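Data first, discussion second: the structure below is written as structure tokens.
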Amino acid sequence: MAQTVQSILNSIFSQVQSKFKVTGKVESDKRASIQVDRSQIVEVADFLKSLGFDHVKSVTAIDYPDAQEFEVVYHISSYSNIDLAKTIVALRTRVKYDDPKLPSLYKIWESVWTGERETYEMYGIIFEGHPDLRRLFLPEDFEGVYPMRKSYKIKTEGLFVDKPS
Amino acid sequence: MEVDIVPVEGELNVGPQHPGSGHMRIYVKLNGDIIVDADLDVGYVHRSVEKLSEVRNYMHLIPLVERPAILDSIHMNLGYIMAVEKILGVDVPERAQYLRTLAAEINRIASHLYGTGILAIFLGHSTGFMWGFGDREVWVEILQALTGARVTNSYIIPGGVRRDLTPAIKEMIEKAIAYQRKKVQDWYKIFVKNPNIRDRLENVGVMTRENAIKWGAVGPNLRASGVYYDVRKIEPYAAYDKVDFEIPVYKEGDAYARLLVRFEEIEQSMRILEQVIKNIPEGNILSDRFFKQIPPTRLKKWWEGQRRVVFPGYYASFRPPRGEAISRVEAARGELVYYVVSDGSPHPYRLRMITPSYRLIYVFKELAKGARYADLVAIYGSLDYFPPEADR
Numbered sequence: 001m002a003q004t005v006q007s008i009l010n011s012i013f014s015q016v017q018s019k020f021k022v023t024g025k026v027e028s029d030k031r032a033s034i035q036v037d038r039s040q041i042v043e044v045a046d047f048l049k050s051l052g053f054d055h056v057k058s059v060t061a062i063d064y065p066d067a068q069e070f071e072v073v074y075h076i077s078s079y080s081n082i083d084l085a086k087t088i089v090a091l092r093t094r095v096k097y098d099d100p101k102l103p104s105l106y107k108i109w110e111s112v113w114t115g116e117r118e119t120y121e122m123y124g125i126i127f128e129g130h131p132d133l134r135r136l137f138l139p140e141d142f143e144g145v146y147p148m149r150k151s152y153k154i155k156t157e158g159l160f161v162d163k164p165s
Numbered sequence: 001m002e003v004d005i006v007p008v009e010g011e012l013n014v015g016p017q018h019p020g021s022g023h024m025r026i027y028v029k030l031n032g033d034i035i036v037d038a039d040l041d042v043g044y045v046h047r048s049v050e051k052l053s054e055v056r057n058y059m060h061l062i063p064l065v066e067r068p069a070i071l072d073s074i075h076m077n078l079g080y081i082m083a084v085e086k087i088l089g090v091d092v093p094e095r096a097q098y099l100r101t102l103a104a105e106i107n108r109i110a111s112h113l114y115g116t117g118i119l120a121i122f123l124g125h126s127t128g129f130m131w132g133f134g135d136r137e138v139w140v141e142i143l144q145a146l147t148g149a150r151v152t153n154s155y156i157i158p159g160g161v162r163r164d165l166t167p168a169i170k171e172m173i174e175k176a177i178a179y180q181r182k183k184v185q186d187w188y189k190i191f192v193k194n195p196n197i198r199d200r201l202e203n204v205g206v207m208t209r210e211n212a213i214k215w216g217a218v219g220p221n222l223r224a225s226g227v228y229y230d231v232r233k234i235e236p237y238a239a240y241d242k243v244d245f246e247i248p249v250y251k252e253g254d255a256y257a258r259l260l261v262r263f264e265e266i267e268q269s270m271r272i273l274e275q276v277i278k279n280i281p282e283g284n285i286l287s288d289r290f291f292k293q294i295p296p297t298r299l300k301k302w303w304e305g306q307r308r309v310v311f312p313g314y315y316a317s318f319r320p321p322r323g324e325a326i327s328r329v330e331a332a333r334g335e336l337v338y339y340v341v342s343d344g345s346p347h348p349y350r351l352r353m354i355t356p357s358y359r360l361i362y363v364f365k366e367l368a369k370g371a372r373y374a375d376l377v378a379i380y381g382s383l384d385y386f387p388p389e390a391d392r
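Chains as they are written, first to last, in the UniProt record's numbering: chain S, 1 to 165; chain L, 1 to 392.
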């Protein structure tokens, strides 16, 4: 049975949609994005793993200061299933500034280890259940707000920088 | 006389000044000489590319994103530009696609030789180190002739590449391939089939197929564990769907298999180079959309005279439409992913750069567990882990 990649992503998306309360879309024959509430992210991730998505490429957060929230994005794909390997699915969820907590997906995909640790350090999002949630890149004596938040301003210096008025 | 061997627990710091650590500190917990746990203290060369990308224009970011892996800069450059092109919706002419493949493969060979050289010096084989760096020079020279720079080439720009291929460079590549083929035979004699090297690498740092998938390994390390996964085949970019090549895959998953995969990839890369030189189509090297914006006087001087592209004013601070793009390329060390979010301003709203070495941090940590302390450097070298690339 020759199944095109397009229909694979479509069928996966409709399966996820029938089981869970998710939004999102299939963007092309290789990319899809699934938006899920954080209370359901573990179940959705577990379901996606059972479909054959076996590793996480990256864990990313995006800061939206206007809405006072972060969007956490897991890019997942597959090594063992050659059809799924052609796709990348973005699993997204949102957390608020005042409660930046998220269940860790380490139990489902071990490959989130580095990404969640870095996201914790750069954004201050706490992944509950991560076995080793410590700083990774920053110096031990680093102080101040989490550096990847938009509120962290980069100090620029030099001749061509306007003085603050 | 009888000697009682008492297992002693202890900790050791490898690096950051240790010759076998690179820009990284490996904190090793030992029981006797068995590694119980290894903690990788990375971040000594962190340059916060992701944060800086929030205050730089898209074009200004090109030299920045290729800095983390200076010995693999074409791939870093290519992945980023592919993501930007997706947001901009630019088509790339055929000739430029071939040139991208050409530059990328030259860089892959140079990077593999570098990695092998480093592995050799870790194992105390200084001839391998000098050969690796000596052979690499040949390919770096070609990149210099093609792009004008030795290591950070900034060769690929949105819509195409900066310079065209000349007959002189073609000849250089042919000579280099002939040289490298001969030299690879010598490599096998003195290094790869050397009984000492085999003893140090065989059955060391064994990563099973399941573990490789679970830990999210990438590149040659993944393929040495029996997983057939290469972005060039899975999701062909540049001109990879038009050239014929194979992906070496080994089942063993040990350090020796990782070395063999890299050596065989050098041969495959040379095959690709030959095909590219033979089949490269005529045409422009920059998308018409940007090419038309170059003033005629400058075109006459640079393009017709030296086959070089001058930047039209558009590049200074273009504003791509809102949206996001994710691109992946097979860099020398493995899969490289860029995730760019644009909010319509001249800077990316968020740029995420997931380099191969970054994904190897966890792999390295897990592989070191249970190994002998003396094998730590063998595992390290065989993974071809490059600390600045992990730190970004």
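We put the CB at the ideal spot given by N, CA and C, even for glycine. All figures in this text were calculated on a predicted structure; none of them were measured in a lab.
is_contact[S:Thr-93, chain L] using C-beta, thresh 9 Å: Along the first sequence, one-based indexing puts residue 93 of chain S at 93. Answer no: the Cβ-Cβ gap between S:Thr-93 and chain L never drops below 9 Å.
Per-residue DSSP class, three states only, for L:Lys-292: Taking the first residue of the second sequence as 1, we reach residue 292 of chain L at position 292. It is coil, neither helix nor strand.
Check whether L:Asp-91 and L:Arg-200 have beta carbons under 9 Å apart: In the second sequence, the residue the question calls residue 91 of chain L occupies position 91. In the second sequence, the residue the question calls residue 200 of chain L occupies position 200. The criterion of a C-beta distance shorter than 9 Å is not satisfied by L:Asp-91 and L:Arg-200.
Cβ of L:His-46 within 9 Å of any chain S Cβ: Taking the first residue of the second sequence as position 1, residue 46 of chain L is located at position 46. By this cut-off, L:His-46 is an interface position.
Alpha-carbon spacing of L:Asp-391 relative to L:Val-45, whole angstroms: Position 391 of the second sequence, counted from the first residue, corresponds to residue 391 of chain L. Position 45 of the second sequence, counted from the first residue, corresponds to residue 45 of chain L. Cα to Cα, the separation comes out at about 6 Å.
Among L:Gln-185, L:Tyr-80, L:Val-218, nearest to L:Gly-159 - alpha-carbon criterion: Against the second sequence, residue 159 of chain L aligns to sequence position 159. With distances taken between Cα atoms, L:Gly-159 lies closest to L:Tyr-80.
Cutoff 9 Å: S:Leu-136 Cβ touching any chain L Cβ: Working through the first sequence from its first residue, we reach residue 136 of chain S at position 136. S:Leu-136 has a beta carbon lying within less than 9 Å of a beta carbon in chain L.
L:Ser-342 - containing beta strand (DSSP E), residue span: Translated into positions along the second sequence, residue 342 of chain L becomes position 342. 334-342 is the span of the beta strand (DSSP E), which, as asked, contains L:Ser-342.
Same chain only: Cβ atoms within 6 Å of L:Arg-307, ignoring 5 sequence neighbours per side: As a working mapping, residue 307 of chain L is identified with position 307 in the second sequence. Asp-164.
Within 9 Å, strictly: CB atoms of L:His-75 and L:Ala-239: The count along the second sequence starts at 1 and reaches residue 75 of chain L at position 75. The count along the second sequence starts at 1 and reaches residue 239 of chain L at position 239. No, these two residues do not count as a Cβ contact at 9 Å.
Beta carbon proximity, L:Glu-235 to chain S, threshold 9 Å: The count along the second sequence starts at 1 and reaches residue 235 of chain L at position 235. For L:Glu-235, the answer is yes, since a Cβ of chain S falls inside 9 Å of its Cβ.
Proximity test, Cβ basis, 9 Å: S:Glu-69 and chain L: Start at 1 with the first residue of the first sequence, and residue 69 of chain S comes out as number 69. Output row for S:Glu-69: interface = no.
Beta carbon proximity, L:Glu-85 to chain S, threshold 9 Å: Working through the second sequence from its first residue, we reach residue 85 of chain L at position 85. No, no contact with chain S.
Cα-Cα separation between L:Glu-246 and S:Ser-151, rounded to whole angstroms: Start at 1 with the first residue of the second sequence, and residue 246 of chain L comes out as number 246. Start at 1 with the first residue of the first sequence, and residue 151 of chain S comes out as number 151. Computed Cα separation, rounded: 48 Å.
Span of the beta strand (DSSP E), counted from its first residue to its last, around L:Val-261: If you number the second sequence from 1, residue 261 of chain L lands on position 261. Counting along the chain, no beta strand (DSSP E) covers L:Val-261; the unbroken alpha helix (DSSP H) around it starts and ends at 255-279.
Residues from the region 120-132 of chain S in contact with chain A, defined by Cβ distance under 7 Å: No chain A appears in this structure, whose protein chains are S and L.
Partner residues on chain L for residue 187 of chain S, Cβ-Cβ distance less than 7 Å: Not covered by the structure: residue 187 of chain S. The range shown for chain S is 1 to 165.
Chain L contact residues for S:Lys-86, given Cβ-Cβ distances below 7 Å: Translated into positions along the first sequence, residue 86 of chain S becomes position 86. Correct list: Ile-234, Glu-235.
Minimum Cβ-Cβ distance from S:Ile-8 to chain L less than 9 Å: Looking up residue 8 of chain S in the first sequence gives position 8. Taking Cβ atoms only, chain L never reaches closer than 9 Å to S:Ile-8, which makes this a no.
L:Leu-12 versus L:Tyr-27, L:Gly-22, L:His-23, L:Val-3, residue with shortest Cα-Cα distance: Within the second sequence, numbered from 1, the residue matching residue 12 of chain L stands at position 12. Residue L:Tyr-27 is the option with its Cα nearest to L:Leu-12.
Inter-stretch contact at 8 Å, needing at least 3 Cβ pairs: the region 62-74 of chain S / the region 5-19 of chain S: No contact exists between the region 62-74 of chain S and the region 5-19 of chain S.
9 Å Cβ cutoff met for L:Ala-110 and L:Val-140: The residue given as residue 110 of chain L occupies position 110 in the second sequence. The residue given as residue 140 of chain L occupies position 140 in the second sequence. Yes, these two residues count as a Cβ contact at 9 Å.
When L:Gly-117, L:Val-204, L:Lys-365 are compared against L:Lys-29, the one with the closest alpha-carbon: The count along the second sequence starts at 1 and reaches residue 29 of chain L at position 29. Considering only alpha carbons, the answer is L:Lys-365.
Backbone secondary structure at L:Ile-234 - three-state DSSP: One-based indexing of the second sequence puts residue 234 of chain L at position 234. Under the three-state reduction of DSSP, L:Ile-234 is assigned to helix.
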